[in-house]
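Chemist: Next up is a structure, given as structure tokens.
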Amino acid sequence: MPHAVLAETTTDPERPGARAIASFVQQHAQVYADRHDAIYTRLITGLDEGESQAISLAHALQCGVLIDERRGRAAARSLNLPLFGVLGVLVQARRLERIEALAPLLQQMRANGYRIAPALIAAALKAVGEA
């Protein structure tokens, strides 16, 4: 995880999920210094800091990137990076029984301002047998 993404998601401890993210990262993730390579320089003109850093790091590590924003996904695709979205991660977690139910998590995310198209929610719930 790029440092910029960690900072973006945890600097305000009152932001929904900030403490859980910080705890998870401390226990399970590796934080990388922010990058200022050619990929980052090209992306920062059209994407925010976190997305630009995440895509640059994924390109450097030759791995997939977790990104949901449309412009960020398009930029990652242009670099042939494998993409993962939060919804896909949650569907997989439900299938692996790491979470008990998907619907309440999606409701909580939407209540916290996370935008998910209703058609995507319906498809995800159907995929895990909660429709």
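The sequence shown begins at 83 in the numbering used here and counts up one residue at a time. Think of the CB as a built atom: it goes at the ideal place given N, C-alpha and C, for glycine as much as any other residue.
Here's a check: name, in chain order, each residue in its chain whose Cβ is nearer than 8 angstroms to the Cβ of L202, leaving out the five neighbours to either side.
Modeler: These residues qualify, in order along the chain: L169.
Chemist: Once you ignore the five residues that flank S160 on each side, which residues in its own chain have a CB closer than 8 angstroms to its CB?
Modeler: Excluding residues within five positions, none has a Cβ falling inside 8 angstroms.
Chemist: In this structure, how does DSSP classify V147 when only helix, strand and coil are distinguished?
Modeler: If DSSP states are grouped into helix, strand and coil, V147 belongs with the strands.
Chemist: Look at the alpha carbon of A89 and the alpha carbon of P186, and state the distance between them as a whole number of angstroms.
Modeler: Rounded to the nearest angstrom, the two C-alpha atoms are 27 angstroms apart.
Chemist: Count the C-beta pairs between the region 119-134 and the region 95-104 that are closer than 8 angstroms, then say yes if the count reaches three, no if not.
Modeler: Segments in contact, no.
Chemist: Taking A157 as the reference, give the member of E133, A142 and Q144 with the closest Cα.
Modeler: The shortest C-alpha separation from A157 is found at E133.
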